[in-house]
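*Asks:*
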Amino acid sequence: MITTIAFSAFIVASCVWMGKRAIGDHRAALAQRRGLLDEATGLFPNAKISVAPDHFPMLVSRLEDGRQIGVELLADTMVTRRLPQLWLRATLSEAGERCRPTIGALARPTGAEYYSLVHDMPEWMTPPETGASLLMRGDGRATARQVERAGTMFRSLFADPAMKEAVISPRGTRVILQAAQGERAAHLFLRQVRFPVTTISASLVKEAVAKAEALSEALAANEAAMPVYEAA
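Per full-length UniProt numbering, the sequence shown starts with residue 1, numbered consecutively.
Structure, rendered in structure tokens:
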């Protein structure tokens, strides 16, 4: 009888300990997640960090020319037969609307990219040849010359296998890069989303911003000859 009571008490104590440990680990993981972009703040003297509902950080700042840059982290678990992906999204917002169409490209499309702008564009285009399958679409306002220039830029950008999406629009540009891949054991056995990173390097953020800036100039030579469109 005493042995049974002692064993039961041991089981209860063990469950309580494991529960507290799990809660502590979860809180520590969320705290670490919130600091993933701390290193990148050194790139921007006026950077502001906020935290999304999923506890991933969002950075907003202004470049020297007055344009706004936003950097976000997106956890993607939608494709069941693939490890979770952590995407870094850099959005460059222009100071004013520019005279250019909307054109975008998405690498390795599955249809489950909830974050993609390309899926919502009405016009299908022939993508440039790259090392990965590429979906290229637009809003139907681009000239043949603009499609060619955008395709040349996309060919260069998507030579990087980490590149997921690139979009040009009148109001800005956006690029999405792979920042990390989920831990295999945690995903396969525990069905948990864990990324083996303690920080997103400033160099990766700088690279993403540079690509967004380069994308912004891809159609610059054509803008003067284009009519001004009303905001969508």
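A virtual CB, placed ideally from N, CA and C, is assigned to each residue, including glycine.
Please say whether Phe154 and Pro122 have beta carbons closer to each other than 8 Å?
*Replies:* no
*Asks:* Residues in the same chain with beta-carbon distance under 6 Å from Cys15, minus the five sequence neighbours each way, listed in chain order, please.
*Replies:* Confidence at Cys15 is low in this model, with a pLDDT of 42, below 50, so the placement of that residue should be treated as unreliable; the coordinate-derived value is given next. So no residue of the chain qualifies.
*Asks:* Given 8 Å as the limit, is there contact between the region 193-212 and the region 141-153, that is, 3 or more CB pairs closer than that?
*Replies:* Taking a contact to require three or more Cβ pairs closer than 8 Å, the region 193-212 and the region 141-153 do not qualify as touching.
*Asks:* Pick out the complete beta strand (DSSP E) segments inside the region 101-160, 3 residues or longer, and give them in chain order.
*Replies:* 103-107, 123-125 and 134-138
*Asks:* Nearest to Ile49 by CA position, among Glu94, Leu73 and Leu215, is which residue?
*Replies:* Leu73
*Asks:* Compare the C-alpha of Ser169 against each of Arg137, Ala132, Ala75 and Pro57 and name the closest.
*Replies:* Arg137
*Asks:* What are the boundary residues of the beta strand (DSSP E) that Leu36 is part of?
*Replies:* Element bounds for Leu36: n/a, residue is neither H nor E.
*Asks:* Helix, strand or coil for Ser201, going by three-state DSSP, please let me know.
*Replies:* coil
*Asks:* Would you mind sorting Pro53 into buried or exposed? The rule is 16 or more other CB atoms within 10 Å of its CB.
*Replies:* Residue environment analysis places Pro53 among the exposed positions, since fewer than 16 neighbouring C-beta atoms fall within 10 angstroms of its C-beta.
*Asks:* Is it buried or exposed, Asp76, if we count other Cβ atoms within 10 angstroms and call 16 or more buried?
*Replies:* buried
*Asks:* DSSP state of Gly91, grouped into three classes?
*Replies:* For the record, residue 91 in the displayed sequence is Thr; it is not Gly. If DSSP states are grouped into helix, strand and coil, Thr91 belongs with the strands.
*Asks:* Using only the alpha-carbon positions, how far apart do Ala202 and Ala40 sit?
*Replies:* 4 Å
*Asks:* Expressed to the nearest angstrom, what Euclidean distance is found between the alpha-carbon atoms of Asp38 and Gln178?
*Replies:* 18 Å
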